[in-house]
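Step one of this worksheet: look at the structure below.
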Amino acid sequence: MPLLDVSSLSVTYPSAVKPVVKDFDLKVREGEFVGLMGSSGSGKTTIIRSIFGNLPAGTSVEGTILFSGTPMGAHRWWRDISLVPQSSMSSLNPSFRIGTTIEETCKANNVDFSHRRICELLDVVELAPNVAAQFPHELSGGMRQRVCIALALACNPRMVVLDEATTGLDVLVEAHIVALLDRLRKHLGLAAILVSHDPRIMSALADSVVSLEEVQ
Numbered sequence: 001m002p003l004l005d006v007s008s009l010s011v012t013y014p015s016a017v018k019p020v021v022k023d024f025d026l027k028v029r030e031g032e033f034v035g036l037m038g039s040s041g042s043g044k045t046t047i048i049r050s051i052f053g054n055l056p057a058g059t060s061v062e063g064t065i066l067f068s069g070t071p072m073g074a075h076r077w078w079r080d081i082s083l084v085p086q087s088s089m090s091s092l093n094p095s096f097r098i099g100t101t102i103e104e105t106c107k108a109n110n111v112d113f114s115h116r117r118i119c120e121l122l123d124v125v126e127l128a129p130n131v132a133a134q135f136p137h138e139l140s141g142g143m144r145q146r147v148c149i150a151l152a153l154a155c156n157p158r159m160v161v162l163d164e165a166t167t168g169l170d171v172l173v174e175a176h177i178v179a180l181l182d183r184l185r186k187h188l189g190l191a192a193i194l195v196s197h198d199p200r201i202m203s204a205l206a207d208s209v210v211s212l213e214e215v216q
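Just so it is clear: in the sequence shown, position 34 is 34 by full-length UniProt numbering, and no numbers are missing.
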């Protein structure tokens, strides 16, 4: 049984005359990295928002989304699926030190937020403990992205959704993030959806790729 099973998903926004996503299928198994590839406007964001139940009021949604065989609406997805957003700078509170941000994320999800746990999360993404005392603007783009990955791992999820996780990073930093994600897959057994328009990322990490242009 797939860990995540999206079947015949169709999504139509309130002001739209036709679906943004139509009859979309996606299956992700334990430990599998599946790429979701498409250009701007192809429906990538809509699919991810559907999985997280974060669509505007009045949106028409057809089809099913199951996690471990359970409908997503009835599942505590916020513990089992985490999101690594595209923009690390806008997703981190500029007035919070990194340690505080990790602590607040852990509190919100009822998981341990001890200093030791914060250091463990930073270590997993290869950041030094002193990063906990820094503010987002004091970190490089690559370091901020590692922090976002640490936040996504705070609840020990079974799956992460990486939304253009390397966009805007220079080639060297991008390569380091890709290597980190590959190590996390091997060491933690994570499943992931890789949302990207970059075939290099797909080639480096994805076990299989779904092209939205081909689907639609």
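Every residue, glycine too, gets a C-beta built ideally from N, C-alpha and C. Quantities reported herein were computed from a predicted structural model and do not represent experimental measurements.
DSSP places leucine 122 in the helix class (H, G or I) of the three-state scheme. Remark: three or more beta-carbon pairs, one from each stretch, lie closer than 8 Å, so the segment 162-172 and the segment 191-198 are flagged as touching.
Distance between asparagine 109 and tyrosine 13, taken at the CA atoms: about 30 Å. Scanning the segment 37-68 for uninterrupted alpha helix (DSSP H) segments of 4 residues or longer gives 44-51, listed from N- to C-terminal end. Around the C-beta of leucine 172, fewer than 16 other C-beta atoms lie within 10 Å, and the residue is accordingly described as exposed.
A straight line joining the alpha-carbon of histidine 115 with that of histidine 187 spans about 23 Å.
Between the segment 2-11 and the segment 24-33, the count of Cβ pairs shorter than 8 Å is three or higher; the stretches touch. Take glycine 43, set aside five residues on each side of it, and the residues of its chain with a beta-carbon closer than 8 Å to its own are Val11, Val20, Val21, Phe24, Leu212, Gln216, in chain order.
One thing to note: isoleucine 51 has its Cβ within 8 Å of the Cβ of isoleucine 65. Counting the other Cβ atoms within 10 Å of the Cβ of arginine 183 gives fewer than 16, which makes it exposed.
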